[in-house]
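Quick note, the sequence shown lines up with residues 2 to 206 if you use the numbering used here. We put the CB at the ideal spot given by N, CA and C, even for glycine. One structure is given here, and the rest of the page talks about it.
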Amino acid sequence: MKIKKDDHKSSNFAQILGDKGISNDMYIQATEAAKSCSQQQLNRNNLPQENSPKSQSKEQFSKHNIKIYTDGACSGNPGKGGWGAILLYKNHKKEISGAQKETTNNQMELMAVIESLKLIKKPLEIEIYTDSKYVLQGITEWIHGWKKNSWRTANKKPVKNVELWVKLDELTQNKKISWNWVKGHNGDELNERADFLARTAINDI
């Protein structure tokens with residue numbers, strides 16, 4: 002998978018995110034998130050352990066929020082797909098995008114959030130905006146039942162895109178995140194920009 006990172010005021014923003022050494026329009030190669038999750042990771046994430054670390058207290062988080070707008074797109078479903086995200090912190094902005102040759106729209110929606118959260122290293126309060134109800138309901142509602150059922154649905158079927166859901170679950174631990182749904186293609190400037198990044202990424206592969 003090819004990932005593009007486009008920094009605006011990159012040095013300051015990189016310091017906030019802990020994403021050092023990234024220059025404008027720099028491409029990096031990343032393996033698919035699905036390949037990064039082993040069966041051991043699935044087992045460890047079935048249920049929270051009693052001795053697992055507690056979430057950081059409110060006082061530990063910065064009073065400044067980081068806002069993230071994400072979107073995914075697919076040319077054919079399945080088919081070539083792309084994802085895009087915009088990260089905003091104070092007066093800093095960072096745009097990232099990536100693409101995959103054989104994927105689905107839902108996978109790209111998930112990847113947009115996953116790749117964004119990978120960049121955040123500091124305890125900031127995070128606002129995520131997505132037009133995907135699959136992502137929103139999955140991470141705020143369905144995932145609790147999936148984990149209790151060893152990553153199976155209420156119908157005892159394996160959860161689709163489980164490797165991506167496991168990765169997203171890991172990245173949300175010990176983070177203060179508010180999840181927000183925005184209607185797609187409805188004039189929201191940043192949602193439209195994220196969609197543009199996702200569709201442009203498809204053309205780059």
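task = Enumerate, from N- to C-terminal direction, the unbroken beta strand (DSSP E) stretches of 3 or more residues contained entirely within the segment 112-152.
result = 125-131
query = Going by beta carbon distance, what residues of the same chain come within less than 7 Å of methionine 211, once the five residues before and after it are set aside?
reply = Residue 211 falls outside the range modelled here, since the chain spans only 2 to 206, and no answer is possible.
query = Are leucine 125 and isoleucine 67 touching if we call contact CB-CB under 8 Å?
reply = yes
ask   = Would DSSP call lysine 68 helix, strand or coil?
value = strand
request  = Would you decide whether threonine 154 is buried or exposed? Buried here means 16 or more other CB atoms lie within 10 Å of its CB.
outcome  = exposed
message = My output table needs one value for glutamine 174: the three-state DSSP class, helix, strand or coil.
response = coil
inquiry  = Going by DSSP in three states, glutamate 110 sits in which element: helix, strand or coil?
reply    = helix
ask   = Which value, in whole angstroms, describes the spacing of the CA atoms of asparagine 44 and glycine 188?
value = Low local confidence applies: a pLDDT of 41 at asparagine 44 is under 50, so the model's placement there is unreliable, and no value is given.
key: Counterpart residues of proline 159 in DSSP-defined beta bridges   = Arg153
key: Endpoints, alpha helix (DSSP H) assigned at isoleucine 210   = The displayed coordinates of the chain run from 2 to 206. Any statement about residue 210 would go beyond what the structure contains.
ask   = asparagine 187 bridges to which residues according to DSSP?
value = In DSSP, asparagine 187 forms no bridge with anything.
task = Go to lysine 94, then tell me how far its beta strand (DSSP E) extends in each direction, as first and last residue.
result = Residues 93-104.
message = Taking the alpha-carbon of valine 136 as reference, which of Lys158, Lys102, Asn204 and Ser179 has the nearest alpha-carbon?
response = Ser179
task = Between the Cα of isoleucine 127 and those of Asn192, Ile206 and Asn175, spot the shortest distance and give me the residue it belongs to.
result = Asn175
request  = Give me the Cα-Cα distance between glutamine 101 and glutamate 171, rounded to the nearest whole angstrom.
outcome  = 22 Å
inquiry  = Give me, in chain order, the residues of the same chain whose beta-carbon lies closer than 7 Å to that of isoleucine 115; leave out the 5 immediate sequence neighbours on both sides.
reply    = The beta carbon of isoleucine 115 lies closer than 7 Å to those of Ala34, Leu165, Lys168, Leu169 and Leu172 in the same chain, with the five residues before and after it left out.
request  = Measure the Cβ-Cβ separation of histidine 65 and lysine 95 and say whether it is below 8 Å.
outcome  = no
query = Under a Cβ-count criterion, where at least 16 other Cβ atoms within 10 Å of its own Cβ denotes burial, should histidine 186 be classed as buried or exposed?
reply = exposed
ask   = For asparagine 204, does the count of other Cβ atoms within 10 angstroms reach 16, so buried, or fall short, so exposed?
value = Classification for asparagine 204: exposed.
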